[in-house]
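Q: Chains as they are written, first to last, in the numbering used here: chain A, 1 to 149; chain B, 150 to 300.
Beta carbons: idealized from backbone N, C-alpha and C, even for Gly.
Take a look at the following structure, please.
Okay, structure coming up:
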């Protein structure tokens, strides 16, 4: 199987509903689904531009949906897109995503919006609108920026 | 800075600077971008493994927490696919203090995978494809599994 080198795996109480949401809201496509035979999802891949997120649930043991943790989460997912950022935001809003930060140009050259999905996982979407070097980014943000430690 | 398209997991740490050092020692990630403020405080970090990027994040809001604060629970896991020896990768991680949850084992779908917990309790899965497996073969190997789609 052709699998990109890094993929986030997100835990949901209702993994099938989550896969459906990712299609409607963000335009991802479920390309693999392994059903546990009891309504749960052992493994799945939701693809976007050749990259995948994996969705599983219901979670057990050390895994949890943010719904199980009072909305708290141990990570988030950033999606870097080629084009159409504002349209993705409108599509996500229409599908029920809670938009936390509306699309806005950032000092480092990307246009970004962030939102929460129905179980409280946090997503950010970014599109490069201006290509900047580390030096230019440092000037624009007033921060020290290193490309090595 | 132009970024490649795709998914980039962000992993939240109580001590992101310690996490950066650990991820380098244990897994072989390099710093791709590190931003700090005038006082030397952590602002943002991206680390790279080959072409793969992750963000190392801090607990910047009340609802973004390290597993250390949540009884070890994880709402997401990061899966890394490598093209070098996964058993050697596992030994490197173990030597750096990773808790190996599942030792390297070849899965029915053809990847050899190990799983571990990092210094703050985040779960990681690291795999190497060792065999090309068709959907039919995968379903034969695990009776009762219903697979839709395959690549």
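#1: Which word fits residue 41(A), buried or exposed, when buried means at least 16 other C-beta atoms lie within 10 angstroms of its C-beta?
#2: For residue 47(A) and residue 160(B), I'd like the C-alpha separation in whole angstroms.
#3: Hey, quick one: how far does the alpha helix (DSSP H) through residue 88(A) stretch, first residue to last?
#4: Determine the contact status of residue 251(B) and residue 264(B), defining contact as a CB-CB distance below 8 Å.
#5: For residue 181(B), return the contacting residues in chain A, with the cut-off set at a CB-CB distance below 8 Å.
#6: Just to confirm, are residue 224(B) and residue 69(A) a CB contact at a threshold of 8 Å?
#7: Rounding to the nearest angstrom, what Cα-Cα distance links residue 75(A) and residue 134(A) in this structure?
#8: Around the C-beta of residue 81(A), are 16 or more other C-beta atoms found within 10 angstroms, so that it is buried, or is it exposed?
#9: Please tell me whether residue 105(A) has its Cβ less than 8 Å away from any Cβ of chain B.
#10: Quick one: residues in its chain with C-beta nearer than 6 Å to the C-beta of residue 175(B), no 5 flanking neighbours on either side, listed in chain order?
#11: Can you find a CB in chain A that lies within less than 8 Å of the CB of residue 158(B)?
#12: Who are the neighbours of residue 35(A) on chain B, taking C-beta pairs under 7 Å?
#13: Return helix, strand or coil for residue 185(B), following the three-state DSSP convention.
#14: So, helix, strand or coil for residue 273(B), using DSSP?
#15: So, does the CB of residue 88(A) fall closer than 8 Å to a CB anywhere in chain B?
#16: Between 169(B), 221(B), 162(B), which has its C-alpha nearest residue 197(B)'s C-alpha?
#17: Closer than 7 Å between beta carbons: that is the criterion. Which residues of the region 56 to 79 of chain A meet it against chain B?
#18: Give the residues from the region 132 to 144 of chain A that approach chain B closer than 8 Å (Cβ to any Cβ), ordered along the chain.
#19: For the region 207 to 237 of chain B, which residues have a CB atom closer than 9 Å to at least one CB atom of chain A, in sequence order?
#20: With a threshold of 16 other CB atoms inside 10 Å of the CB of residue 283(B), please say whether the residue is buried or exposed.
#21: If you drop the 5 nearest sequence neighbours on each side, which residues of the same chain put their C-beta closer than 8 Å to that of residue 35(A)?
#22: Cutting at 6 Å between CB atoms, please list the residues of its own chain near residue 150(B), excluding the five before and the five after it.
A: Walking through what the data contain:
#1: buried
#2: 21 Å
#3: 85 to 94
#4: yes
#5: 147
#6: yes
#7: Rounded to whole angstroms, the gap between the alpha carbons of residue 75(A) and residue 134(A) is 25 Å.
#8: So residue 81(A) counts as buried.
#9: no
#10: 242, 245, 247
#11: Cβ-Cβ to chain A under 8 Å: yes for residue 158(B).
#12: 295, listed in chain order.
#13: In the structure shown, residue 185(B) sits in a strand (DSSP, three-state: E or B).
#14: strand
#15: no
#16: 169(B)
#17: Listed by position, the residues of the region 56 to 79 of chain A near chain B (Cβ gap below 7 Å) are 62, 63, 64, 65, 66, 69, 71, 72, 73, 74, 75, 76, 77, 78, 79.
#18: For the region 132 to 144 of chain A, the beta-carbon criterion of a distance under 8 Å to any beta-carbon of chain B is satisfied by 132, 133, 134, 137, 141, 143, 144.
#19: The residues in question are 211, 212, 213, 214, 215, 216, 218, 219, 220, 221, 222, 223, 224, 225, 226, 227, 228, 229, 230, 231, 232.
#20: By the neighbour-count rule (16 or more Cβ atoms within 10 Å), residue 283(B) is not buried but exposed.
#21: Closer than 8 Å at Cβ, skipping near neighbours: 41, 42.
#22: Bear in mind that a pLDDT of 43 at residue 150(B), under 50, signals an unreliable position, so the model cannot answer this.
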